[in-house]
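Comments concern the structure below.
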Amino acid sequence: MDKTIQFLKTFAELIEQGYSLSDTIDICDDIYHLEKQLQFHKQCEKGVTINELIEHKMFPVIIIDFFHYYNKTQPFSKALLHSINIYESIEFFKSYMISKLTYPLALLVFLFGFSIFTSLVLFPQVTLLFESFDVSMSFALKTVMFIYKCIPIALILILSYLSYKVFRFIYAIRNKKYKIIETYLNYPVIGEMIKKYFSLQLSVYFVELSKEIRDIKTILNMLSTMMNKKELKIVLYEMQIEVQKGEPLEQVVESFQYFDSLFIQFFRLYMLDTKMNDCLILYNQITKTYFENLFTRFIKILVPSIYLFVTSFVVIIYISVILPMMNIFSQL
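For the record, in the sequence shown the residue sitting at position 132 is 829 according to this note's numbering, with numbers rising by one throughout.
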């Protein structure tokens, strides 16, 4: 969990237990050492109220927006904790993906560095070694060296292409370029992940807001107003237009290509009785399990593949270089 969110959650829990604002900040100072705590102190010295502290744009926009809403009907601490819970549910995909992909990405960086080392340092030295003993390299060794010299180039091309695709998608998300996003929806695996990502966000919001609000149109209007800086704004804006035309919400959701088929089925059940949001809660659990299994399978394939590549390289070098050189030394 992000330290800022940990600090904010501890702050809310201490306030809920009855601690004063100054004591709460002092206790948080002993636990965390963040720049935002200094800002808290400065704002307190200026006489800023506890509500204004949270709404001072020092924290994620999602937390601030939902806190502003819940604080109208709930005590400060409960409103803040409720907002943090929504934020953590929404940010699950991003934080989970980062935590799971850190190790594989580190291995890919190692593989890239290893390939560069073999191409620019190791193989030239091997060539000089063979030339110094006036021994010609075998065709197999030349072939292996050529292949391994091509690997860094191939990796650079692949990573450049993937980076372009990723940054283009991020650009489209941040700038609400829905036409670009829709092109990604046609990709076999990536498209399904994007659909589930949008579906999961909308499902989490509906689950949380339906605890306080029963009217679907009110929830939709509220989300459309609050999501100005979120990628979901693209979907909500188009949904709101269709609903204002008189289209039933379940048909609007079904017609949108941003949502996966499983979400559409669960959303139909939810629309039958908005008080019973267990179906959407179940969908959230199923989707989170889907992402967990997907990344687990990916890691199980990627990590052994990298180890196999490095191991095979060492074995080939030993058979093609070390053993021939040992035979040459034995004949001297």
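For every residue, glycine included, the Cβ atom is placed at its ideal position computed from N, Cα and C.
None of these values were measured; they are calculated from a predicted model.
Q: Give a yes or no on whether the C-beta atoms belonging to I813 and Y875 are separated by under 7 Å.
A: no
(Q) Among the candidates K942, T824 and I998, whose CA atom is the shortest distance from the CA of V1018? (A) T824
Q: Check each candidate in P801, I702 and Q771 and name the one with the smallest Cα separation from P1001.
A: P801
Q. K892 to I781, Cα distance in whole Å?
A. 24 Å
Q.
The alpha helix (DSSP H) that contains K665, what's its start and end?
A. In this structure the chain extends from 698 to 1029, so residue 665 is not present and cannot be described.
Q: Whole angstroms is fine: what's the gap from Q857's alpha carbon to F764's?
A: With the sequence shown as reference, residue 857 is identified as Ser, and Gln is not the correct amino acid for it. S857 and F764: Cα-Cα distance of roughly 41 Å.
Q: Compute the distance between the beta-carbons of L917 and Y902, then report whether it is under 7 Å.
A: no
Q.
Quick check: is any heavy atom of the ligand FAD less than 6 Å from the C-beta of L1020?
A. With respect to small molecules bound, the structure shown includes none, and the ligand FAD cannot be examined in it.
Q: Let me know if P849 comes out buried or exposed under the rule of 16 or more other beta-carbons within 10 Å of its beta-carbon.
A: buried
Q: Report yes if the C-beta distance between F963 and L946 is below 7 Å; otherwise report no.
A: no
Q. Where does L882 fall in DSSP's three states?
A. coil
Q. Does the Cβ-Cβ distance between Y894 and I887 come in under 7 Å?
A. no
Q) Mapping DSSP to helix, strand and coil, what is F956? A) coil
Q.
Looking at the secondary structure, which residues open and close the alpha helix (DSSP H) in which S774 lies?
A. F773 to I787
Q. Among F708, L805 and Y987, which one has its Cα closest to the Cα of I855?
A. L805
Q: Tell me whether K839 sits in a helix, a strand or coil according to DSSP, three-state version.
A: helix
**Q.** Delimiting residues of the alpha helix (DSSP H) encompassing L929
**A.** L929 to Q941
Q: Determine whether the Cβ of I781 lies closer than 7 Å to any Cβ atom of chain B.
A: Note that chain B does not occur in the displayed structure, where there is just one protein chain.
(Q) When you compare the segment 774–789 with the segment 705–713, are there three or more beta-carbon pairs, one atom per stretch, that lie closer than 8 Å? (A) yes
Q: Could you round the C-beta distance between L899 and L929 to whole angstroms and report it? I think they count as a contact, below 8 Å.
A: 7 Å
Q) With distances taken between CB atoms, is the gap from L852 to F809 smaller than 7 Å? A) yes
Q | Nearest neighbour of K957, chosen from P885, F995, N990 and D975 [CA to CA] | A | Residue 957 is actually Asp in this sequence, not Lys. Taking only the C-alpha atoms, the option nearest D957 is P885.
Q) Between the C-alpha atoms of L991 and K908, what's the straight-line distance to the nearest angstrom? A) 31 Å
(Q) Can you look up T770 in the DSSP assignment and give me helix, strand or coil? (A) coil
Q) When you compare only the Cα positions, how much space is there between S719 and S786? A) 30 Å
**Q.** Residues near F820 by beta carbon distance below 8 Å, same chain, minus five either side
**A.** M842, Y845 and K846
Q. Helix, strand or coil for E944 per DSSP?
A. coil
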